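*Asks:* First the structure, then my questions, so here it is.
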Amino acid sequence: MTEETWGRVREELLGVVGRNNYTNWIEPLEFSGLEEGVATFFVPTNFMGDWVSRNFGDQILQRMVATGKSVSRVEFTVPARGGAVVKPAAVRVDAVRPVAGNAPTLSARAAPARSVSELPGAPIDPRFTFDNFVVGKPNELAHAAARRVGEGGPVTFNPLFLYGGVGLGKTHLMHAIANELKTRSPELRVVYLSAEQFMYRFVQALRDKQMMDFKQIFRSVDVLMVDDVQFIAGKDSTQEEFFHTFNALVDQNKQIIISADRAPGEIKDLEDRIKSRLQCGLVVDLHPTDYELRLGVLQTKVENYRVQYPGLEITPGVLEFLAHRITTNVRVLEGALMRLFAFASLVGREITLELAQDCLADVLRASDRKVTIEEIQRKVSEHYNIRLSDMIGPKRVRAIARPRQMAMYLSKQLTSRSLPEIGRRFGGRDHTTVMHGVKKIEELKGLDNQLAEDLELLRRALEA
Ligand code: ADP
Ligand code: MG
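FYI, in the working numbering the residues of the sequence shown are 891 to 1354.
So this is what it looks like as C-alpha cells:
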C-alpha cells in the first residue's frame, strides 16, 4: 500500500459516498502506513475517527482489499503532537466485521477504464442546484450571471468566468448551471470537468495517439465548463490545447464557463493570449462570505438535517454563534454543521452552545484568526493607494495622515494591542498620537459617509 494506492481508493470513494461526505470525512484522512495488515490513517480528532470508522470503515477496508493489498484492518488515530501515534485513541475496523448493508453494491461501481471516445467530463451532481444555493450580497452577481447562462438562449457573454476563494460556491454554481440546462434542454451536450481532468484526458490522448478523437470530442460539445482553471498555469502544452479548444467553441458560439481561484489577469504562468481570451466575456467574483450569508446557509442546511435527524433539537443562538465564529468559507461551515448533527445524534443530546463548542473546538480555533497590525497597514494603504512606507513614515499631508489614522483606529478595534504598542508599529509614534487618531476617526465616522463605508469595507476584508 502506498500513498498512490490510497489516492486511487480515495477517488473511488468519492463516487460512492458523494461529494459532501467525501469532503468532510474522507479527504481529511491522512494515510500513515500499512504494517502487518493494518492500514493506519491520521484523523484530526477522536470523534472524527470514530465517525469515519463507523460509517465508512468497511467501505475503505473493502476498497483497499480490492486493490490486491493484504489489508485486514483499518485504524484511525489522532497523531500526537510530536508526530507519534496515540495508540489508545485508535479506532479500528476489522475485516471480519460484517460489511455494512449498502456496501456490496459498491464493487459494481468501481472506476471503469475510460476510453477517449466517450463524452468527456465528470458527472454532474444533482444536489447542486440553484434552489439550494443561498444568495447574499457576496455572491449575488455571480448567481445572477450563472442563472442567466443556465436559462440557455443566445450566448451573450462568453466565457462566463467565475472566480473566488475556495469553498465559496464556484463548483456549486457550475453544477447548478448544468442541472438547469439539462432540465430545460436534455439534448444539450453539457460537459463539466476540472482543469486537472482536462489535462489528464489530454495527456492520455497524446499517449494513446488519439489526439484527433480528443479534439473532435471537445469541439463537439454544446456547453463546456472547466473548473479550477488555475491548475493549467505553467503546463504549457495543456494550455495550448485548452486555448485551441476554447477558440473553436467560441467560434461556434458555444457557451463556455470557467472557474478559477483568482481573476484571469492574476493567474501566474498563464499565457497572455489566454488571459485576454478569458477576460473577453463576463468576469464575476464571489466575495468572502458575510455574516448574513453564513447564517442563511446554516438555516437552509438545518432544514435538511431536520429531515435526516428528526427529533434533534437545536438551541436558539447556536446558528448565530457559528455564523459569527466560522468566517472562513461555506464548505467549512457545512462541514461543521454536519459534524455537529452527527455528534449530537451519536450522543443523543440537544445541540446546545456547549455541545457546539465541544464538538467543534478545532474548527473554532482554526478560524479564530488574529488580525495583525501589518495586515491592517497593508490593506489600508492598498485601499487608499498610498505606499506602505508612508503609513509608518513622517509625512503629514492629509492624503496620507487620514489613512494612517484609519489604520490606527482599525488596529485598536481589531487587535488587542495597546496604544503604545500601536504607536511603535507606526514608525515609533507616541501613544497620544494614536489616541488622537482613533478619536478623530470615531468623530468622522458619524459625519462622513464615505469614510464610514470605507471603514466597514476594510473591517470586513480584514476579518474575512
Ligand atoms: P468552490 O468550488 O468555490 O471551492 P463549492 O462550490 O465546492 O466551492 O462549495 C463548497 C460547499 O459549500 C458545497 O457543498 C456547496 O454546496 C456549498 N456552498 C457554497 N456556497 C453556497 C451557497 N451560497 N449556498 C449553499 N451552499 C453553498
Ligand atoms: Mg470548486
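C-beta: ideal position from N, C-alpha, C; glycine also.
Note that the coordinates shown come from a computational prediction; the quantities given were computed from them, not determined experimentally.
(1) I'd like the list of long-range same chain contacts for residue 1158, defined as Cβ closer than 7 Å, with 5 residues on each side in sequence excluded.
(2) With contact counted as at least three CB pairs below 8 Å, one residue from each stretch, are the stretch 1150 to 1168 and the stretch 1016 to 1024 in contact?
(3) Taking only the alpha-carbon atoms, compute the straight-line gap between residue 1317 and residue 1278 and give it to the nearest angstrom.
(4) Please state if the CB of residue 1117 and the CB of residue 1090 are separated by a distance shorter than 8 Å.
(5) Cβ of residue 1018 within 7 Å of any heavy atom in ligand 1?
(6) Keeping to the same chain, check which residues put their C-beta closer than 7 Å to that of residue 922; ignore five residues upstream and five downstream.
(7) Give the DSSP bridge partners of residue 1080, in chain order.
(8) Please give the ranges of any alpha helix (DSSP H) in the stretch 1143 to 1195, keeping only runs that are unbroken, at least 4 residues long and fully inside the region.
(9) What is the DSSP secondary structure of residue 1355, counted as helix, strand or coil?
(10) Give me the Cα-Cα distance between residue 1110 and residue 1146, rounded to the nearest whole angstrom.
(11) So, are the CB atoms of residue 967 and residue 947 less than 8 Å apart?
(12) Please classify residue 1244: is it buried, with 16 or more other beta-carbons within 10 angstroms of its beta-carbon, or exposed?
(13) I need the DSSP call for residue 1054, collapsed to helix, strand or coil.
(14) Is residue 1117 near ligand 2, going by C-beta to nearest heavy atom under 7 Å?
(15) How far does the beta strand (DSSP E) with residue 848 in it reach, from first residue to last?
(16) Identify the residues that DSSP records as bridge partners of residue 923: which are they?
(17) For residue 1095 versus residue 1119, is the C-beta distance shorter than 8 Å?
(18) Roughly how many angstroms separate the alpha carbons of residue 1024 and residue 1187, rounded to a whole number?
(19) With C-beta atoms as the reference, is residue 1180 less than 8 Å away from residue 1053?
(20) So, with DSSP's three-state summary, where would you put residue 1266?
(21) Flag residue 1165 as yes when its Cβ comes closer than 7 Å to any non-hydrogen atom of ligand 2, and as no otherwise.
(22) Between 1149, 1113, 1108 and 1112, which lies nearest to residue 1131 when the distance is taken from Cα to Cα?
(23) For ligand 2, is there any heavy atom lying closer than 7 Å to the beta carbon of residue 957?
(24) Determine the direct distance from the alpha carbon of residue 1178 to that of residue 1342, and round the result to whole angstroms.
(25) Going by C-alpha to C-alpha distance, which of 1240, 1268 and 1228 sits closest to residue 1250?
(26) Can you tell me whether DSSP reads residue 1276 as helix, strand or coil?
*Replies:* Per the coordinate set shown:
(1) In the sequence shown, residue 1158 corresponds to position 268, counting from 1. Answer for residue 1158: 1123, listed in chain order.
(2) Contact fails: fewer than three Cβ-Cβ distances are below 8 Å.
(3) Along the sequence shown, one-based indexing puts residue 1317 at 427. Along the sequence shown, one-based indexing puts residue 1278 at 388. Approximately 11 Å, taken between the alpha carbons.
(4) Along the sequence shown, one-based indexing puts residue 1090 at 200. Along the sequence shown, one-based indexing puts residue 1117 at 227. It is not a contact, given that the beta carbons lie outside the stated cut-off.
(5) If you number the sequence shown from 1, residue 1018 lands on position 128. Distance from the C-beta of residue 1018 to the nearest heavy atom of ligand 1 is below 7 Å.
(6) The residue given as residue 922 occupies position 32 in the sequence shown. Taken in chain order, the residues that qualify are 930, 931 and 932.
(7) For this step, residue 1080 is matched to residue 190 along the sequence shown. For residue 1080, which the question treats as bridged, DSSP gives the partners 1113.
(8) Within the stretch 1143 to 1195, the complete alpha helix (DSSP H) runs of at least 4 residues are 1162 to 1168.
(9) Here the chain covers residues 891 to 1354 and nothing more, so residue 1355 does not appear.
(10) For the purposes of this step, residue 1110 is identified with residue 220 of the sequence shown, where counting begins at 1. For the purposes of this step, residue 1146 is identified with residue 256 of the sequence shown, where counting begins at 1. Between residue 1110 and residue 1146, the C-alpha separation is close to 13 Å.
(11) For the purposes of this step, residue 967 is identified with residue 77 of the sequence shown, where counting begins at 1. For the purposes of this step, residue 947 is identified with residue 57 of the sequence shown, where counting begins at 1. Going by beta carbons, residue 967 and residue 947 fall outside the 8 Å limit.
(12) Along the sequence shown, one-based indexing puts residue 1244 at 354. Label assigned to residue 1244: exposed.
(13) Counting from 1 along the sequence shown, the entry for residue 1054 is found at position 164. In the structure shown, residue 1054 adopts extended strand secondary structure according to DSSP, grouped into three states.
(14) For the purposes of this step, residue 1117 is identified with residue 227 of the sequence shown, where counting begins at 1. Result yes, Cβ under 7 Å from ligand 2.
(15) What is shown of the chain runs 891 to 1354, which leaves residue 848 out entirely.
(16) Residue 923 sits at position 33 when you count from the first residue of the sequence shown. Paired residues: 930.
(17) The count along the sequence shown starts at 1 and reaches residue 1095 at position 205. The count along the sequence shown starts at 1 and reaches residue 1119 at position 229. Contact: no.
(18) Position 134 of the sequence shown, counted from the first residue, corresponds to residue 1024. Position 297 of the sequence shown, counted from the first residue, corresponds to residue 1187. Rounded to whole angstroms, residue 1024 to residue 1187 spans 6 Å at the Cα level.
(19) To locate residue 1180, count along the sequence shown from 1; it is residue 290. To locate residue 1053, count along the sequence shown from 1; it is residue 163. Remark: C-beta atoms of residue 1180 and residue 1053 do not approach each other more closely than 8 Å.
(20) The count along the sequence shown starts at 1 and reaches residue 1266 at position 376. The three-state reading of DSSP puts residue 1266 in helix, counting H, G and I together.
(21) Along the sequence shown, read from residue 1 onward, the residue named residue 1165 stands at position 275. For ligand 2, not one heavy atom lies less than 7 Å from the Cβ of residue 1165.
(22) Residue 1131 sits at position 241 when you count from the first residue of the sequence shown. Selected option, being the one with the closest Cα: 1108.
(23) For the purposes of this step, residue 957 is taken as the residue at position 67 of the sequence shown. With a threshold of 7 Å, the Cβ atom of residue 957 does not count as near ligand 2, since no heavy atom of the ligand is closer than that.
(24) By 1-based counting over the sequence shown, the position of residue 1342 is 452. By 1-based counting over the sequence shown, the position of residue 1178 is 288. Going by C-alpha positions, residue 1342 is about 20 Å away from residue 1178.
(25) For this step, residue 1250 is matched to residue 360 along the sequence shown. Closest by alpha carbon: 1228.
(26) Taking the first residue of the sequence shown as position 1, residue 1276 is located at position 386. In this structure, residue 1276 counts as coil in the three-state DSSP scheme.
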